[in-house]
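All residue numbers for the sequence shown refer to UniProt numbering, where the first residue is 1 and numbers rise by one.
Idealized CB from N, CA, C, for every residue including glycine.
Predicted model, so just to flag it, every value in this text is computed and none were measured.
Report on the following structure.
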Amino acid sequence: MSLTRESNGADVQRTAPEWQFVVASIATRRTLAIATVFAAALGLLPLYESVWWWDLLTHTLAGAVITGWLLVSRWRITAVLLFVAYCSGAWEVAEYATPTYVFIAGNPTDTALNVMCNFVGSATAVAAFGLYQSRLGRTADGGRSHNARRPYNSRRPESNTASTDD
1 MSLTRESNGA
11 DVQRTAPEWQ
21 FVVASIATRR
31 TLAIATVFAA
41 ALGLLPLYES
51 VWWWDLLTHT
61 LAGAVITGWL
71 LVSRWRITAV
81 LLFVAYCSGA
91 WEVAEYATPT
101 YVFIAGNPTD
111 TALNVMCNFV
121 GSATAVAAFG
131 LYQSRLGRTA
141 DGGRSHNARR
151 PYNSRRPESN
161 TASTDD
């Protein structure tokens with residue numbers, strides 16, 4: 001299967017299910033749990049003092065990994081972005097408020113930059129997830145309609161009218 005210009009795209013349609021399978025196989029809860037541990041371990045390395053952008057990288061990766069975890073868990077995209085923004089803001093406020101107790105000393109500029117990096121990582125993960133879902137022909141919420149909030153195995157009939165028990 002070559003993807004050269006000479007193939008005129010004939011092989012591209014055959015390979016699409018293969019890359020979709022690879023992406024779906026990689027984006028599992030176990031893989032994201034391992035990525036979360038890896039991202040947390042990156043924060044423990046003593047590179048904050050020697051590499052100026054290390055803090056930005058760890059915050060961006062943390063935002064992306066947490067977002068990926070929540071999207072695989074079937075959270076809605078808006079809820080994921082708001083949750084990651086809230087957690088990021090709460091963490092940074094705690095870091096700024098208690099600089100000598102538990103957290104690394106920060107300043108308002110560092111706090112704002114860290115929140116922005118968390119949001120950029122989260123937004124990048126959401127964009128990648130949306131692109132992947134659109135390639136599969138699904139909506140961003142996993143193919144569910146906005147009104148269907150009950151579990152897939154529910155046997156209740158779909159009806160928008162209230163029951164009239166007299």
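Note on geometry: alpha-carbon atoms of C117 and T28 lie some 24 Å from one another.
Contact check for A62 against G121 passes: the beta carbons are separated by less than 8 Å. Secondary structure at T98: coil, using DSSP grouped into helix, strand and coil.
Distance check between Y132 and each of T60, T58, V72 and Y48 places V72 closest, using alpha-carbon atoms only.
A distance below 6 Å between beta-carbons, with the five flanking residues on each side excluded, links L70 to the following residues of its chain, in chain order: V80. Straight through space, the alpha carbons of L32 and L47 are spaced by roughly 24 Å. In this structure, A85 lies away from F38, with their beta-carbon atoms at least 8 Å apart. Distance from T67 to V126 at the Cβ level is roughly 6 Å; contact confirmed, criterion being Cβ atoms closer than 8 Å.
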